[in-house]
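Engineer: Residue numbers for the sequence shown, in this note's numbering: 35 to 342.
Ideal Cβ positions, reconstructed from N, Cα and C, are used throughout, including at glycine.
Quantities reported herein were computed from a predicted structural model and do not represent experimental measurements.
Structure provided below as structure tokens; questions to follow.
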Amino acid sequence: MQTTLRSSVSFDGVGLHSGEPARLTIRPAGADHGIWFRRTDIALGDTCIPARWDQVEVSPLCTRIVNRAGVSVSTIEHVMAALAGCGVHNALVEIDGPEVPILDGSAAPFVRGIVSRGVRLLGKPLMAIEITAPVEVRTQHGLARLTPATGPGLSMDFRIAFPDAAIGEQSKRLDLANGTFVRELCDSRTFCRAADVDAMRAVGKALGGTYENAVVVDGDKVLSPGGLRHADEAVRHKMLDALGDLALAGLPILGHYEGDKAGHAMTNALLHALFATPESYRVVIVDEYTAARLPGAGVERAEIPAVA
């Protein structure tokens, strides 16, 4: 069955790129509502935006959705990953500013908040997108690909390569069934190279970034206090982002995602390619066996990493 939260949960912080304070509240919603964002700081006009692939305005450093009235919310990928990773299919996300608070740079605080409220079953069957044929997008830098599932849910392969030895080349494969996202990915933080910080701030990005809400590396050094949470935290965070961006399909995906140096724009381009080729997918009713293996099924509070 479809799900929503049992009760509302709020988060306060600042936007990673804007540096502006924001309060975000995730509220329960009915069946077939999906995930929507609403800007509470705007009094007039259309203030609601569906969290959907065709509402994305391409941005290299975050995922930004925009409605026809020009109202937008940026950096939605971590809260979207938390909702998908906790198995929440319907919610209204209210926010009093243009950017989701970055919190500690991971999805773990969102996960802890969602799990603390609990998930409620709704009275309608859950649908999913089953990948039936490969679809991919490529650039000179990398690729993103969806292929038919090797199991009953969603699995993921990701590869990255950075010149800084503190990151270097990393790869990881995960079956995202049940609480894998919560246990393995949700506490991995966004990261950047020290050499890129000044350039980002020169164009009005990373204004809210600190060593506490992002992992900053310089060559073979990790500048953020406490170092890494995982030796491969960078590739884990890329997988976290990918789950959040794939959640913009609007339904859970049953298939295998492969990312090679892929980012937000490439994963969104992949969803555009998917829905432009109807022969590559079909919408199916999720049976009990598959439902038990989706991301978030049966997640327990004890599975959340202690950092949250």
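Are at least three pairs of beta-carbons, each pair with one atom in the region 196-215 and one in the region 320-338, less than 8 Å apart?
Structural biologist: Yes, they touch.
Engineer: Between the region 231-248 and the region 275-287, are three or more C-beta pairs nearer than 8 Å?
Structural biologist: No, the region 231-248 does not touch the region 275-287.
Engineer: In chain order, what residues of the same chain lie with their CB nearer than 6 Å to the CB of residue 128, ignoring the 5 residues before and after it?
Structural biologist: Correct list, in chain order: 59, 72, 74.
Engineer: Alpha carbons only, please: which of 99, 300, 154, 227 is nearest the one belonging to residue 252?
Structural biologist: Nearest option by C-alpha distance: 227.
Engineer: Ignore the nearest five residues each way along the sequence and tell me which others in residue 184's own chain have a CB closer than 8 Å to its CB.
Structural biologist: Closer than 8 Å at the Cβ level, and outside the excluded window around residue 184, lie 290.
Engineer: Taking residue 206 and residue 192 to be in contact with their CB atoms under 8 Å, please state how far apart those CB atoms are, rounded to whole angstroms.
Structural biologist: About 6 Å; that satisfies the 8 Å criterion.
Engineer: What does DSSP give as the partner residue(s) for residue 212 in the beta ladder?
Structural biologist: Paired residue(s): 329.
Engineer: Taking the beta strand (DSSP E) that residue 59 falls in, what are its first and last residues?
Structural biologist: It spans 55-62 - the beta strand (DSSP E) in which residue 59 sits, taken as one unbroken run.
Engineer: Could you tell me how far apart the beta carbons of residue 276 and residue 301 are, in whole angstroms, since I believe they sit closer than 8 Å?
Structural biologist: About 6 Å; that satisfies the 8 Å criterion.
Engineer: Taking residue 239 as the reference, give the member of 305, 43, 178, 53 with the closest Cα.
Structural biologist: Checked all of 305, 43, 178, 53; the closest Cα to residue 239 is 53.
Engineer: The beta strand (DSSP E) spanning residue 290 covers which residue range?
Structural biologist: Its beta strand (DSSP E) spans residues 287-294.
Engineer: Note down the Cα distance separating residue 100 from residue 114, rounded to an integer number of angstroms.
Structural biologist: Those two C-alpha atoms are separated by around 15 Å.
Engineer: Nearest by alpha-carbon distance to residue 138: which of 271, 163, 164, 35 is it?
Structural biologist: Answer by Cα proximity: 271.
Engineer: Using CA atoms only, rank isn't needed, just tell me which of 265, 232, 168, 131 is closest to residue 179.
Structural biologist: Closest option to residue 179, Cα to Cα, is 168.
Engineer: Assuming contact is defined by CB atoms lying nearer than 8 Å, are residue 153 and residue 49 in contact in what I supplied?
Structural biologist: Going by C-beta atoms, residue 153 is not nearer than 8 Å to residue 49.
Engineer: What is the DSSP secondary structure of residue 99, reduced to helix, strand or coil?
Structural biologist: Correct three-state label for residue 99: strand.
Engineer: Flag this pair as yes or no: are the beta carbons of residue 268 and residue 201 separated by less than 8 Å?
Structural biologist: Cβ atoms of residue 268 and residue 201: closer than 8 Å.
Engineer: In three-state DSSP terms, what is residue 47?
Structural biologist: Of the three classes helix, strand and coil, the one that applies to residue 47 here is strand, per DSSP.
Engineer: Have a look at residue 303 and residue 219 and give me their C-alpha separation to the nearest angstrom.
Structural biologist: Those two C-alpha atoms are separated by around 23 Å.
Engineer: For the region 258-322, which segments carrying the alpha helix (DSSP H) assignment without a break, of at least 4 residues, lie completely within its bounds, in sequence order?
Structural biologist: Within the region 258-322, the complete alpha helix (DSSP H) runs of at least 4 residues are 267-280, 298-310.
Engineer: With C-beta atoms as the reference, is residue 97 less than 8 Å away from residue 105?
Structural biologist: The answer is no: Cβ separation not under 8 Å.
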